[in-house]
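Data block below; observations after.
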Amino acid sequence: MTNTQHLKTDVLVVGGGTAGTMAAIKAKQANPEAEVLILEKANIRRSGAIAMGMDGVNTAVIPGNSTPEQYVREITIANDGILNQQAVYQTGKLGYEVIQELDSWGVKFQKDTYGNYDLKQVHRVGKYVLPMPEGKDLKKILARQVKKHKAKVTNRVMATRVIVKDGRAIGAVGFDVRNGDFVVIQAKAVVLCTGACGRLGLPESGYLYGTYENPTNAGDGYSMAYHAGAELTNIECFQINPLIKDYNGPACAYVASPFGAYTANAEGHRFVNCDYWSGQMMLEVWKELNSGKGPIQLKMTHLDEDTIAEIETILWSNERPSRERFHQSRGENYRTHGVEMHISEIGLCSGHSASGVWVNEKAETTIPGLYAAGDMASVPHNYMIGAFVFGRLAGTNAMEYVEGIEHLEPDTDWLAAEKERIYKPMQNPDGVPHTQVEYKLRRIVNDYLQPPKNTHKMDIALNKFINYHDTLDLMGARDPHELMRCMEVHFIRDCAEMAARASLYRKESRWGLYHYRIDYPEKNNEEWFCHVNLKKENDNMTLFKRPVEPYIVDVNLAEEYDVKVTAN
Amino acid sequence: MALTNQRVDVPVIVDESKCLEKCHACIEVCPLDVLVKNPETGKAYMKYDECWFCLPCEKECPTNAITVQIPFLLR
Ligand SMILES: Cc1cc2nc3c(=O)[nH]c(=O)nc-3n(C[C@H](O)[C@H](O)[C@H](O)COP(=O)(O)OP(=O)(O)OC[C@H]3O[C@@H](n4cnc5c(N)ncnc54)[C@H](O)[C@@H]3O)c2cc1C
Ligand code: SF4
Ligand code: SF4
Numbered sequence: 000m001t002n003t004q005h006l007k008t009d010v011l012v013v014g015g016g017t018a019g020t021m022a023a024i025k026a027k028q029a030n031p032e033a034e035v036l037i038l039e040k041a042n043i044r045r046s047g048a049i050a051m052g053m054d055g056v057n058t059a060v061i062p063g064n065s066t067p068e069q070y071v072r073e074i075t076i077a078n079d080g081i082l083n084q085q086a087v088y089q090t091g092k093l094g095y096e097v098i099q100e101l102d103s104w105g106v107k108f109q110k111d112t113y114g115n116y117d118l119k120q121v122h123r124v125g126k127y128v129l130p131m132p133e134g135k136d137l138k139k140i141l142a143r144q145v146k147k148h149k150a151k152v153t154n155r156v157m158a159t160r161v162i163v164k165d166g167r168a169i170g171a172v173g174f175d176v177r178n179g180d181f182v183v184i185q186a187k188a189v190v191l192c193t194g195a196c197g198r199l200g201l202p203e204s205g206y207l208y209g210t211y212e213n214p215t216n217a218g219d220g221y222s223m224a225y226h227a228g229a230e231l232t233n234i235e236c237f238q239i240n241p242l243i244k245d246y247n248g249p250a251c252a253y254v255a256s257p258f259g260a261y262t263a264n265a266e267g268h269r270f271v272n273c274d275y276w277s278g279q280m281m282l283e284v285w286k287e288l289n290s291g292k293g294p295i296q297l298k299m300t301h302l303d304e305d306t307i308a309e310i311e312t313i314l315w316s317n318e319r320p321s322r323e324r325f326h327q328s329r330g331e332n333y334r335t336h337g338v339e340m341h342i343s344e345i346g347l348c349s350g351h352s353a354s355g356v357w358v359n360e361k362a363e364t365t366i367p368g369l370y371a372a373g374d375m376a377s378v379p380h381n382y383m384i385g386a387f388v389f390g391r392l393a394g395t396n397a398m399e400y401v402e403g404i405e406h407l408e409p410d411t412d413w414l415a416a417e418k419e420r421i422y423k424p425m426q427n428p429d430g431v432p433h434t435q436v437e438y439k440l441r442r443i444v445n446d447y448l449q450p451p452k453n454t455h456k457m458d459i460a461l462n463k464f465i466n467y468h469d470t471l472d473l474m475g476a477r478d479p480h481e482l483m484r485c486m487e488v489h490f491i492r493d494c495a496e497m498a499a500r501a502s503l504y505r506k507e508s509r510w511g512l513y514h515y516r517i518d519y520p521e522k523n524n525e526e527w528f529c530h531v532n533l534k535k536e537n538d539n540m541t542l543f544k545r546p547v548e549p550y551i552v553d554v555n556l557a558e559e560y561d562v563k564v565t566a567n
Numbered sequence: 000m001a002l003t004n005q006r007v008d009v010p011v012i013v014d015e016s017k018c019l020e021k022c023h024a025c026i027e028v029c030p031l032d033v034l035v036k037n038p039e040t041g042k043a044y045m046k047y048d049e050c051w052f053c054l055p056c057e058k059e060c061p062t063n064a065i066t067v068q069i070p071f072l073l074r
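First to last, the sequence lines map onto chains A and B.
Position one of the first sequence corresponds to residue 0 (numbering that gives the first Met the number 0), numbered consecutively onward.
Position one of the second sequence corresponds to residue 0 (numbering that gives the first Met the number 0), numbered consecutively onward.
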């Protein structure tokens, strides 16, 4: 018999990563008397994208270096005009305060000899990259602040659905991934911060967890928001990154390029003049590889010994420290070898591109009482600081919203049905292992959705994803850990269907390689200067156009985000 | 359905002579929850081959008992 745990809180934060820990802290700061609970699938001390810290802040708007308006202009052009500028403006406006607060908690950012933040230029225009050579304990510092602010934490519980009643979010359900308990949490507001969908495409290595994103982030929040009835947006604007081949992690050009490293083809020639990751950059990488000038590499061999040693110190202690042993085991070295790069499999992540749950500048989704922040919330190119800023907005605004709101009792039939859905694989311990079911699903994603996109292929994909419900029913789990992986495969399937439908719907090409359609190769602003949103309506996935919100910063949209090097 | 147990090379190796029976540090921090204690020996081991080669387990081990290798398919 499965045990059931009932929990109650004012604000529930699902996912205690970058955005989630900040949301909980800010909710508590807004009202220390109210209860805040973080529900975390792993352990907040070392979970999510920043489990081992970060090399640097990618989008720091620091007075004297850039302004929020310049930042909005840069992201507007990088994201081909499709964005809610008011939301992006928040990251530009509040990022500095976030950095100062993190600094006061003991997070170390690079400073020059005068004690000023030492920003680097990686973007086309403007300095936004702030190195964090000692960033590895970021998550431990955040976990300490969560405790200090007296927010509660329940680790090792995976959420599976948001509970909705009378049109508003009233809690979440999930299960303990160690003892298998069914967990029901009643809340007055729910903040989803579960990160990217990092397990959508299959890495070329064939290893299911050899992903760029932390593989715990399987698109859980995308799927949960969808089933709650919230709108999602820009899903067709995939996440595709230039990564270390096989290792499938960042090389990392943002660290190395301010030191003089650059992306080059096999002959050592530059073919992009800007290493900032964008769909336009990825399209140039794709063209270079397909022109026979590959493999491509991050080139550092021309740098002097001291510089290389400094780059190594940063890259090998933060973010993805296992880069060191990866290179060493192959007998490769930045002094003698370029770092071979490849094009990653696809994912969904607004931290890097734009796909996510639709949110406004207050981190509100389209469902009252439901907030979203971080990689799963669509605020284009938001990265780590954007996750902190939107975590802060979500926490503060959710706390304001719960004032005067009462808990609602979840519907018992609905709870029973969800419980049955979750535990089904446990009834069938000899069913098909999640590994095989997941491998096949993600292989189909690669075969039919990896750009360049083609209508016929995507039609096949969509059909396969719809029919995959039957395959999911074959899955078996022998313990709660395997059950967690099974439920993740459900989330991945939902994301795959969204990715196929949204890509088919937008009949033009945009965002470079992210949405490059062979049959509609041109950008068509007349018909498609809009968001493509989707939501669940009467159990169907419905797609529709949503107008781009009025701009608050003037941008010349004729300006292309052109990163191509013409003479080489 | 018929199932088979396949041999796999797992990325995480624990030096049992160094692993402390009362300690759970690596098990608590692993974001993928793939490490457990062998109930018979009290030593940690990798039960599920689902590793992000992220290293918190290795960094937080008080006795340096853990070695994380790059998973074989990527190495
Ligand atoms: C390798 C890598 C390098 C990067 N480098 C940089 C950089 O140098 N600079 C920069 O600015 N940005 C960088 N980024 C981006 C930045 O790290 C992310 O945008 C940001 O950390 C995302 O925060 P988040 O809160 O959305 O996700 P995360 O911090 O990943 O948090 C998500 C949390 O949700 C939990 N969770 C997931 N599903 C569930 C569920 N069902 N139930 C309960 N909990 C759940 C996870 O365990 C995790 O704790 C990088 C990202 C990666 C992956
Ligand atoms: S390297 Fe990371 S994922 Fe692998 S066992 Fe250690 S903590 Fe877990
Ligand atoms: S952290 Fe080290 S000592 Fe502790 S259980 Fe793990 S391997 Fe053993």
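Virtual Cβ for every residue (Gly too), placed ideally from N, Cα, C.
Note that the structure is predicted; figures quoted are calculated from it, not measured.
- Bridge partners of Met280 (chain A), per DSSP? Beta-bridge pairing links Met280 (chain A) to no other residue.
- Just the Cα atoms here: how many angstroms apart are Asn567 (chain A) and Asn272 (chain A)? With a pLDDT of only 46 at Asn567 (chain A), under 50, the local geometry of the prediction cannot be trusted, and no value is derived from it.
- Message: With distance defined between alpha-carbon atoms, name the residue in A:Asn289, A:Lys286, A:Gln279 nearest to Ser352 (chain A).
- Response: A:Gln279
- Task: Flag Cys273 (chain A) as yes when its Cβ comes closer than 7 Å to any non-hydrogen atom of ligand 3, and as no otherwise.
- Result: no
- Assign Asp582 (chain A) to one of two classes, buried (16 or more other C-beta atoms within 10 Å of its C-beta) or exposed (fewer than that). The question about residue 582 (chain A) has no answer here: the residues shown for chain A are numbered 0 through 567.
- Query: Hey, Asp374 (chain A) and Ala195 (chain A) are a contact pair by Cβ (cut 8 Å); roughly how many whole angstroms apart?
  - Reply: Right, the Cβ-Cβ distance comes to about 4 Å (below 8 Å), so this counts as a contact.
- Task: Return yes when the C-beta of Cys251 (chain A) is under 7 Å from any heavy atom of ligand 2, and no when it is not.
- Result: no
- On the DSSP bridge assignment, give the partners of Cys196 (chain A) in chain order. A:Ala217, A:Leu347
- Message: Any heavy atom of ligand 3 closer than 7 Å to the beta-carbon of Ile12 (chain B)?
- Response: no
- Three-state secondary structure (DSSP) at Met51 (chain A)? coil
- Item | DSSP bridge partner residues for Val11 (chain B) (one or two, in chain order) | B:Val67
- Query: Applying a beta-carbon distance threshold of less than 8 Å, which residues of chain A neighbour Cys50 (chain B)?
  - Reply: By Cβ distance, chain A contributes Tyr208.
- Query: According to DSSP, what are the bridge partners of Asn532 (chain A)?
  - Reply: A:Thr232, A:Phe543
- Chain-ordered chain A contacts of Glu27 (chain B) [CB-CB under 7 Å]: Asn42
- Message: In whole angstroms, give me the CA-to-CA distance for Ala150 (chain A) and Trp104 (chain A).
- Response: If I take the Cα positions, the gap works out to 17 Å.
- Are Arg492 (chain A) and Leu440 (chain A) touching if we call contact CB-CB under 8 Å? yes
- Item | Under 8 Å between C-beta atoms of Val128 (chain A) and Val183 (chain A) | no
- Message: Quick check: the Cα distance between Pro38 (chain B) and Asp274 (chain A), rounded to an integer number of angstroms?
- Response: Rounded to whole angstroms, Pro38 (chain B) to Asp274 (chain A) spans 50 Å at the Cα level.
- Query: What number of angstroms, rounded off, separates the C-alpha of Tyr550 (chain A) from the C-alpha of Glu96 (chain A)?
  - Reply: 24 Å
- Taking C-beta pairs closer than 7 Å, name the residues in chain B that Gly205 (chain A) reaches, listed in chain order. Leu72
- Item | CB contact check: Tyr275 (chain A) to chain E, cutoff 8 Å | Although the question refers to chain E, the structure presented lacks it and instead comprises the protein chains A and B.
- Query: Out of curiosity, what's the CA-to-CA distance linking Gly94 (chain A) and Asn537 (chain A)?
  - Reply: 40 Å
- Are Val12 (chain A) and Val35 (chain A) close, meaning C-beta to C-beta below 8 Å? yes
- Task: Assign Pro428 (chain A) to buried or exposed, taking buried as 16 or more other Cβ atoms, counted over all protein chains shown, within 10 Å of its Cβ.
- Result: exposed
- Helix, strand or coil: which one does DSSP assign to Gln449 (chain A)? coil
- Task: Examine chain B for any beta-carbon lying closer than 8 Å to the beta-carbon of Ala50 (chain A), and answer yes or no.
- Result: Closer than 8 Å to the CB of Ala50 (chain A) there is at least one CB belonging to chain B.
- Query: Using a C-beta cutoff of 8 Å, does Val176 (chain A) count as contacting chain B?
  - Reply: Taking Cβ atoms only, chain B reaches closer than 8 Å to Val176 (chain A), which makes this a yes.
- Item | Straight-line Cα distance separating Ala24 (chain B) from Cys60 (chain B) | 6 Å
- Using a threshold of 8 Å, state whether the C-beta atoms of Thr193 (chain A) and Gly220 (chain A) are closer than that. Yes.
- Item | Host beta strand (DSSP E) of Glu339 (chain A) (start-end) | 338 to 342
- Query: Going along chain B in order, which residues have a C-beta closer than 7 Å to the C-beta of Phe569 (chain A)?
  - Reply: Nothing about residue 569 (chain A) can be read from this structure; chain A reaches only from 0 to 567.
- Message: Residues of chain A with CB closer than 8 Å to the CB of Leu54 (chain B), please, in chain order.
- Response: Met51, Pro320, Ser321
- Just reading off the alpha helix (DSSP H) that Gln84 (chain A) is part of, what are its end residues? 84 to 103
- Message: Is any non-hydrogen atom of ligand 2 found closer than 7 Å to the C-beta of Trp51 (chain B), if you look at the structure I gave you?
- Response: Using a cutoff of 7 Å, the CB of Trp51 (chain B) counts as near ligand 2, since one of the ligand's heavy atoms is closer than that.
- Leaving out five residues on either side along the sequence, give the residues of the same chain with a beta carbon under 6 Å from the beta carbon of Lys17 (chain B). Thr62, Ala64
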